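*Asks:*
Numbering (our numbering), first residue to last: 3 to 73.
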């Protein structure tokens, strides 16, 4: 089965975990098998703003759309 990745860029602290857990849950509901979830933290912009990039790697017959974007 093909493997796909979905990257979520999250800024601010409130609700980040709930948001990406909701994305993972939706992928599972749509038939995906989650292989890996990774998180990177960094700063972007001027002045520097903290950003958390969550990468979800999943297996599915075809890419799954989430939030209007195809992974």
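For each residue, glycine too, the CB sits at the ideal point set by N, CA and C. Model, not experiment: these values are computed from the prediction.
Which whole-angstrom value is the C-beta distance of residue 64 and residue 34, which I expect to be below 8 Å?
*Replies:* Residue 64 sits at position 62 when you count from the first residue of the chain shown. Residue 34 sits at position 32 when you count from the first residue of the chain shown. That pair is no contact at about 10 Å.
*Asks:* Consult DSSP for residue 48 and reduce its assignment to one of helix, strand or coil.
*Replies:* Residue 48 sits at position 46 when you count from the first residue of the chain shown. The answer is coil: DSSP assigns residue 48 none of H, G, I, E or B.
*Asks:* Tell me whether the beta-carbon of residue 46 lies closer than 7 Å to the beta-carbon of residue 54.
*Replies:* One-based indexing of the chain shown puts residue 46 at position 44. One-based indexing of the chain shown puts residue 54 at position 52. It is not a contact, given that the beta carbons lie outside the stated cut-off.
*Asks:* What separation, rounded to the nearest whole angstrom, lies between the Cα atoms of residue 49 and residue 36?
*Replies:* Within the chain shown, the letter at position 47 stands for residue 49. Within the chain shown, the letter at position 34 stands for residue 36. Using only the alpha carbons, I get a separation of about 35 Å.
*Asks:* Short of 7 Å in beta carbon distance, which residues of its chain neighbour residue 9, apart from the five on each side in sequence? Order them along the chain.
*Replies:* Taking the chain shown and counting its residues from 1, the one referred to as residue 9 is at position 7. 55, 57, listed in sequence order.
*Asks:* Of the choices 39, 20, 52, 51, whose alpha-carbon is the least far from that of residue 60?
*Replies:* On the chain shown, position 58 is the one that residue 60 refers to. Among 39, 20, 52, 51, the Cα nearest to that of residue 60 belongs to 39.
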